[in-house]
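See below for the structure under consideration.
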Amino acid sequence: MRDAELPLNGRVTQGVVRVGNTVRRPAGPWTDAVDALLLHLESVGFRGAPRALGRDEQSMAGLRPDRPPVVAAERLAALVDGYGLGTADRGLLVPMLARRTRAMVDLLLDGAERDIRPWAQIWTEDSPYWTATTDYLDEHTDVWARALL
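Heads up: the sequence shown begins at 57 in my numbering, then just goes up one per residue.
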């Protein structure tokens, strides 16, 4: 018996649902390519991407996190360890990451409200979104800088 579907409402998540511990979305022309990439990453031992589950009986593409969320904290700790930060610097890292993450989310949500999705369309110079996206980025350079630096 299939678990109940919980719609994941958002600005750019139309049709996306949570079913148990998986996320399912309507399949699109990109789905086979994304699934192939995720399966390749899994086959070479990369554990930082979700697992592609194929399509269900409703032709929804399924994804499942490869590891429990607790492991994300362990990964962050390993990354920070690699930089050799002392205790004082580690204490500064969390609020800085929170500020940058919030700034990036705010920027992307603002762009999504204008139907501009720089993360998906910035590299498609021949698309009609290229000009709108670059104009948007030019107008918000300071916001990008705060989010990324």
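Using N, Cα and C, we set each Cβ at its ideal position, and we do this for glycine too.
Quick caveat: nothing in here was measured; it's all calculated off a predicted structure.
Using the Cβ count rule (16 or more neighbours within 10 Å means buried), how would you classify G142? Numbered from 1 along the sequence shown, position 86 holds the residue referred to as residue 142. G142 should be labelled exposed.
Using the three-state DSSP reduction, which class does T69 fall into: helix, strand or coil? Locating residue 69 in the sequence shown gives position 13, where the first residue counts as 1. Of the three classes helix, strand and coil, the one that applies to T69 here is coil, per DSSP.
According to DSSP, simplified to helix, strand and coil, what is V75? As a working mapping, residue 75 is identified with position 19 in the sequence shown. Here V75 sits in strand by DSSP.
Can you confirm whether the stretch 146 to 155 touches the stretch 104 to 118 when touching is taken to mean that 3 or more C-beta pairs between the two stretches lie within less than 8 Å? no
Give a yes or no on whether the C-beta atoms belonging to V90 and G118 are separated by under 9 Å. For the purposes of this step, residue 90 is identified with residue 34 of the sequence shown, where counting begins at 1. For the purposes of this step, residue 118 is identified with residue 62 of the sequence shown, where counting begins at 1. In this structure, G118 does not lie closer than 9 Å to V90 by Cβ.
Measure how close the beta-carbons of L109 and T78 come, nearest whole angstrom, since I'm counting them as under 8 Å. What you label residue 109 is simply residue 53 of the sequence shown in a count that begins at 1. What you label residue 78 is simply residue 22 of the sequence shown in a count that begins at 1. The Cβ separation is near 6 Å, so the contact holds.
M152 bridges to which residues according to DSSP? Walking along the sequence shown from the start, residue 152 turns up at place 96. For M152, which the question treats as bridged, DSSP gives no partner whatsoever.
Going by DSSP, what residues sit across from A117 in a beta bridge? On the sequence shown, residue 117 is found 61 positions in, with the first residue counted as 1. DSSP output for A117 lists R81 and R111 as bridge partner(s).
Apply the 10 Å Cβ neighbour rule to A83 and answer buried if 16 or more other Cβ atoms are within range, or exposed otherwise. Looking up residue 83 in the sequence shown gives position 27. Classification of A83: buried, given that the 10 Å Cβ count is 16 or more.
Look at the alpha carbon of A60 and the alpha carbon of F102, and state the distance between them as a whole number of angstroms. Residue mapping note: residue 60 aligns to position 4 of the sequence shown, counting from 1. Residue mapping note: residue 102 aligns to position 46 of the sequence shown, counting from 1. Distance between the alpha carbons of A60 and F102: 30 Å.
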